[in-house]
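Count along the sequence shown from 1, add 10, and you get the number used in my numbering.
Ideal placement from N, C-alpha and C gives every residue a C-beta, glycine not left out.
Keep in mind the model is a prediction, meaning the values are calculated, not measured.
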Amino acid sequence: MKLLDKCPVCSGEIVEKGVRKLLEGGSNHTAIMKVAAEVCLHCGERFYSDATVKRFEEIRAKLERQETAGLQKVGLTFQVV
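This is the structure:
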């Protein structure tokens, strides 16, 4: 279901795509989710459904509490110094 006809940022065309969203929570926990989003083909701005945003908030809260049940470890993260 399309949320928007045109991008409210630049008036560009909006298409639905699968994207990866990086979620951070706590001092050193991150999660990557694959979700559907509406993406502007001109400026790249992403728009998410209310249900998807709620899921982001739930996962961030879990990460803040360092609860990783239901999350799969997929590698290592490095910081550039």
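Using a Cβ distance threshold of 8 Å, Leu33 and Leu81 do not count as a contacting pair. By the criterion of a C-beta distance shorter than 7 Å, Leu13 is surrounded in its chain by Glu48, Phe57 and Ser59, once the five residues flanking it on both sides are discounted. When C-alpha distances from Arg75 are compared across Arg30, Asn38 and Val29, the shortest belongs to Asn38.
In this structure, Ile69 is the residue among Leu86, Arg30 and Ile69 with its C-alpha nearest to the C-alpha of Gly36.
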